[in-house]
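Written below as structure tokens is the structure these notes are about.
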Amino acid sequence: MKTAHFLQSAFVGLFVLMFSLARAETVTLVLIDGDIRQGWSSNGVVAFHRQTTDVPLTVNFTLGGNAITGTDYTVANTATITIPAGDREAWLEFVPSGATMSRAVKSITVTLAESADYELSKLKSERRASLLLTNPSTKPCAKSAIRFLNQAAFGSHANFTNVNEVMRKGFEQWIADQFKRPVGLQQPYLGALDKRPKDGVSSEMKMLSWWRQAMSTAANADPLRQRVGFALSEIMVISDHVDDLENNPVGMLNYYDVLLKNAFGNFRTLLYEVATHPCMGIYLNHLGNEKGDPDAGTFADENFAREIMQLFSIGLWQLNDDGTLKLDGSNKPIPNYGNTEIEGMAKVMTGFGFGGPKANDFYDAPENFTAPMRMWDEFHDVSEKHMLNGLTLPARTASDPDTGTAGMADFNAVIDMLFNHPSCPPFISKQLIQKLVTSNPSPTYVGRVTAIFKNNGSGVRGDLAAVVRAILMDPEARDMQVAAQTTSGKMKEPYLRTVNLARAFNARAANGRFDLGRNLEEVHFQQPLSSPTVFNFFKPGYSPSGPVNDAGMVAPEFQILNAVTATSVPNFYYFAIENGLNRYYVDHEKEVVKLHFEKETALAHDVPALLRRLDLLLTGGTLPNEQHQLIRETVQAMSNTNRGWRSERVRMAVYLISTSPEFGILR
Amino acid sequence: MQNPITRRRFLGQVNCAAISALPILSTLLNLKLVGNVAAAPTPNDYKALVCVFLSGGADTFNFLVPRGTTEYAEYAKVRGGIALPQANLLPITPTGLSGISLGLHPGLTGVQSLFNAGKAAFITNVGTLVEPVTKDDYDNSLKRLPRNLYSHEDQIEQWHTSTPDIRSAKGWAGRAADLLQSTNSNNKVSMNISLAGSNIWQNGENTLEYSISTDGAVGLDGYDATNTDLGSLTGLRTKAVDSQLGFNCQHLLSQAFTTKKAEAIDAYKFFNEATSIELPANVTFPDTYLGSQLRMIARTIASHGALGHNRQTFFVERGGWDTHDGVIAAHAEMVPEIDAAIKAFYDCLAALGLQDSVTLFTASDFGRTLTTDNDGADHAWGGNQFVVGGAVNGNRIYGNYPSLYAGNPLDVDRGRLIPQIAVDTFFAEMALWFGVPKTDLHLVLPNIGNFYDIASSSKPLGFLP
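Protein chains in written order, with our numbering: chain A, 1 to 667; chain B, 1001 to 1465.
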């Protein structure tokens, strides 16, 4: 033995010896997840924990309870488990067999057994753990319900009422109920504020109403409609980054209500109402758009003409029903239209002025931001127009007196043409899937939803309720085998992730309002109705460089995850967990929208129980074992005597889970 | 499965384990590239490119405007209600310009003074092209045209990529950085720095933009890599966050999510320490968004040595140029704003003695139609851009200022002008100055051969040495 090596070994040996002489180390048993559902791919887990890491340690235990090993569940070890050198923990996983058991609920108990190599924890709760195994059911378990609510709504809630509702009704019935709920309109709330004598409403007050709906736990709340409406607001974009809209929050919420009202209606009506809304008219310039005058050298504006095709209905390229690009003979994608068709469409989109009862003049009608625009034949280009898909609009005669009939005949014809265009169903279906469920739906998934868009089963095209149902109930959305793949799911949109957090901890202010204003936009690079451009905060085809791009995948939401937001969002959580969601100083304490941790604080002394609750609430029970260990060890290392130690422990745990990828990514 | 790991162990693993799952991949890749040229002498010829992107499609035929009686009449006729008054135009007397007199938008006083001093130049009628095109080619589809002309999204992308024939998520500054980043002594933060978030221009095969805010890099609150006191909340949290970032995520989106955060934390500390300097006190930047952006860029440029950067690119954006309506009023507000910010930027560089090392250029989605739809104009094609810098051979107009009358030989319709200078040519001039070898120019600008012969002894345009 060489001297240096010898000395080193002796040194280590001495350490081990000293330690063993002092006392044997203590082993504890920790319940990570004791809620096992047959047929749901989530295992029960216990951890065998120790303090040192020098040498491997074999721990003895016994299994009990009335669940039968090998029949009701499988487990890798039944009597001993070894914690490897270098580790403080070994995890034992109980894998449900999927079989229907002889009783509805069975138990598994794990009990630590003695050994000469270690001492047992003195606490009974650290020597013994109980897990429950329940029978398969047509109704979802809590974890499954929470995952669903992250797709179909703004997430679970501290009081679990919506989770319980989904568990009770099942997905199908829950969706069917949502279709029947009254529309949670946005504008009336702001309209009511507007009547107050103070300063009227300002642009940022839109968010008062938006948050009120997103946070609702009312018995007749309509979270699915709110979620789909938000998705539509990211497809048919208007934004308050245009002064005329910034100054008309009531009109913008009226537009948002058009999206909400039509979220379970027909796509043709949605497209029609979007295209005739004055806020869209302002945003994309077809309000007040006059027919061109060749002599004066003026032309119809093309902005809306372009975007209604490119973004709101059919897209640039011809699509197959499964959402893939149609290719020509030389394998090139085929454009849906060229400049001639844009010019034709621009001519159709002439003649709209402000609408409403007092709209008696194209130029000088009162600025009514809540009534559909009115068509004026006098300012509409009634000449023959060549459109796409073989459509030619005949030259028409302007009505007299001017009822806009000729212009609306053109307009309705192109809305019909876009609605019936073969690219429309896959173009809209795929984007809705990407917004709700997964960034990378398989072509067959898109194809199944497209088929429903084309025909809801009763011969109706464009039935959005049927489309939404098809998206959420598709095997690719529900199957946990799919979710387990490394390519599954999507990043939660940063703004919605914050809503998730707010709901999980029952965020509210003493005055009942969500005075969050614009302060959240710069943190998230996102805020409803505040997109920087008509192309939304992120584009459906965005693919970040690295493993995602290398795998040929897209991840649209990553377009707003950069070196700024990768830290600004965690920093906001750090702040919000302690102080509330208002980023800046507010005038009155009653305005502070605080997160409420009463239930968590009550568990601060029992860290494993605290983490089990947070894991379920925030990630649907998907936190990996090493995250559990890390957060548990971190929180357990904190004081349990300091003033405020309970709150400090809870804040640390919430911060570490809410900034983890399991909370950030929806699988 | 492994237990939580410390920062030290995490960094230790990077060197020996499969690196694909670990957060600091790009840094490693950069180190590898640097390693390849480590023996080469450290070059010391610092250069930076600054792209000021005027998003929305700036109406740049109201930036650079005919001023002589005949040509002004032509301009006034086609532009109608959106023509600037002749008397308000700022006079310029470009070297070598004959047969036409030009002026600038009245808000461009700073650019005018830089132009007169030979530190600024205009590139006229520049735009996206796949290959040179005539009106006949256009009308009869005889040549390849850029995909989706007149569409914001596509044209912005094409100004970033310089490949208007194909869709791509890689830009020419990214490709240039792929070639040139080895000349930096380190790449702890990317040499491509954005104040406008993710963008295509700075994205290459091995290069990603580094996003900062107008206050610099954004760090993680409650986290302090130097705090190892596990009795403190910050120490505990720091250790926990480091462990979280070290977990090996198999799921690709989780992996990308973790990577972004880890990169941000690593780069933050380095960047802010390196750029914690004061700028010369005698230059004041205007208190505008672009002013704050350019101020932060000046600080970063002044700190290029501490950052280990011998080459840098910067991307900033100022939106609001999609003037379908109200162009006169919008320009009256926005043109002086960008002018003042750019002038302050140049003055600051001059005070730092770095004005010859930095070239700033403007870019935009497209020009706008010369004809008007009342008080605005529609999406079009060719436009005018300007360049500013000590190295610029200024007081010149590059390219032939086009005729503006309706139906002129370059007017495809409504005063949409076929560009006579391709963006490739414009960019090639800057890429060569920046250090891209002529023989590698096609790697950065794949279509350059359609516009410029690299065997030629002359520059693509001649505005840079």
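Ideal Cβ placement from N, Cα and C applies to all residues, glycine included.
Note that this is a predicted model, so its numbers are computed, not measured.
Legend entry - Minimum C-alpha distance to R478 of chain A - residue among A:A451, A:V523 and A:A145: A:A145
Inset, instruction - Give a yes or no on whether 8 Å exceeds the smallest Cβ distance from Q636 of chain A to chain B. - result: no
Legend entry - Residue-chain proximity (T1027 of chain B, chain A), Cβ-Cβ < 8 Å: At T1027 of chain B the pLDDT is 35, less than 50, meaning the model places this residue with poor confidence; the figure from the coordinates comes in the next sentence. Closer than 8 Å: no.
Legend entry - Terminal residues of the beta strand (DSSP E) in which K106 of chain A lies: Note, K106 of chain A: beta strand (DSSP E), V105 to A113.
Inset, instruction - Would you kindly work out how many angstroms separate the C-alpha atoms of K143 of chain A and L464 of chain A, rounded to a whole number? - result: 27 Å
Inset, instruction - Could you have a look at M408 of chain A and say whether DSSP puts it in helix, strand or coil? - result: helix
Legend entry - Minimum Cβ-Cβ distance from M252 of chain A to chain B less than 8 Å: Not one chain B Cβ lies under 8 Å of M252 of chain A.
Inset, instruction - Over the uninterrupted alpha helix (DSSP H) stretch that includes F94 of chain A, give me the two end residues. - result: F94 of chain A -> not in any alpha helix (DSSP H); beta strand (DSSP E) instead, spanning E89 to P96.
Inset, instruction - Let me know if L123 of chain A comes out buried or exposed under the rule of 16 or more other beta-carbons within 10 Å of its beta-carbon. - result: Residue burial is scored here from C-beta neighbours: L123 of chain A has fewer than 16 other C-beta atoms within 10 angstroms and is therefore classed as exposed.
Inset, instruction - Under 7 Å between beta-carbons, which chain B residues line up against Y574 of chain A? List them in chain order, please. - result: By Cβ distance, chain B contributes D1221 and G1222.
Legend entry - Own chain partners of Q38 of chain A with C-beta closer than 6 Å, once the 5 adjacent residues on each side are dropped: P96, G98, N135 and P136
Legend entry - Assumed close pair P1402 of chain B, Q1420 of chain B - CB separation to whole angstroms, cut-off 8 Å: 7 Å
Inset, instruction - Please state whether DSSP places K1170 of chain B in a helix, a strand or coil. - result: coil
Inset, instruction - Please classify N500 of chain A: does DSSP put it in a helix, a strand, or coil? - result: If DSSP states are grouped into helix, strand and coil, N500 of chain A belongs with the helices.
Inset, instruction - Return yes when the Cβ of Y1075 of chain B is within less than 8 Å of the Cβ of P1085 of chain B, no when it is not. - result: no
Legend entry - Inter-residue CB distance, G1204 of chain B and R1175 of chain B (contact presumed, cutoff 8 Å): 5 Å between Cβ atoms; contact.
Inset, instruction - Would you please verify whether the beta carbon of L388 of chain A is less than 8 Å from any beta carbon of chain B? - result: no
Inset, instruction - Measure from the alpha carbon of K206 of chain A to the alpha carbon of each residue in A:L253, A:V166 and A:S216, then state which is nearest. - result: Selected option, being the one with the closest Cα: A:L253.
Legend entry - Listed by chain order, chain A residues near G1080 of chain B by CB distance under 9 Å: A296, G297 and T298
Inset, instruction - Return the CA-CA distance between S1254 of chain B and A1377 of chain B, expressed in angstroms with no decimal places. - result: 45 Å
Inset, instruction - Starting from Y584 of chain A, trace the alpha helix (DSSP H) both ways and give me its first and last residue. - result: No alpha helix (DSSP H) contains Y584 of chain A, which DSSP labels as neither H nor E.
Legend entry - For S1243 of chain B and V635 of chain A, the rounded distance between their alpha carbons: 14 Å
Inset, instruction - Compare the C-beta of A275 of chain A with all C-beta atoms of chain B and state if any pair is closer than 8 Å. - result: no
Inset, instruction - Pull up the DSSP beta-bridge partners for M491 of chain A, would you. - result: A:I665
Legend entry - Per-residue DSSP class, three states only, for N1036 of chain B: For N1036 of chain B, the pLDDT reaches just 35, beneath the cut-off of 50, and the residue's location in the model is therefore unreliable, although a value from the coordinates is still provided. N1036 of chain B carries a helical assignment under DSSP once its states are collapsed to helix, strand and coil.
Legend entry - Residue environment, T1275 of chain B, which counts as buried when at least 16 other CB atoms sit within 10 Å: Looking at its Cβ environment, which holds 16 or more other Cβ atoms inside 10 Å, T1275 of chain B is buried.
Legend entry - Segment contact flag, the stretch 1361–1379 of chain B with the stretch 1309–1319 of chain B, C-beta cutoff 8 Å, min 3 pairs: no
Inset, instruction - Take K169 of chain A and list the residues in its own chain whose beta-carbon comes closer than 7 Å to its own, dropping the five residues that flank it on each side. - result: D177
Legend entry - Three-state secondary structure (DSSP) of C1249 of chain B: coil
Inset, instruction - State the Cα-Cα distance for the pair S458 of chain A and N389 of chain A, rounded to the nearest angstrom. - result: Rounded to whole angstroms, S458 of chain A to N389 of chain A spans 26 Å at the Cα level.
Inset, instruction - Report the neighbours of R646 of chain A on chain B: residues whose CB is nearer than 9 Å to its CB, in chain order. - result: Neighbours of R646 of chain A on chain B: none; closest Cβ ~14 Å, over 9 Å.
Inset, instruction - Using DSSP bridges, identify the partner residues of S1364 of chain B. - result: B:L1054
Legend entry - Straight-line gap, G1320 of chain B to G1056 of chain B (C-alpha atoms, nearest Å): Between G1320 of chain B and G1056 of chain B, the C-alpha separation is close to 6 Å.
Inset, instruction - Identify the continuous beta strand (DSSP E) that holds Y337 of chain A and give its terminal residues. - result: Here Y337 of chain A belongs to no beta strand (DSSP E), and DSSP marks it neither H nor E.
Inset, instruction - Grab the span of the beta strand (DSSP E) containing Q1312 of chain B for me, first residue to last. - result: Taken as a continuous stretch (DSSP letters only), the beta strand (DSSP E) holding Q1312 of chain B covers R1311 to R1318.
Legend entry - Where I665 of chain A meets chain B, residues with beta-carbon distance less than 8 Å: Within chain B, H1251, L1253, S1254 and F1257 have C-beta atoms less than 8 Å from the C-beta of I665 of chain A, given in sequence order.
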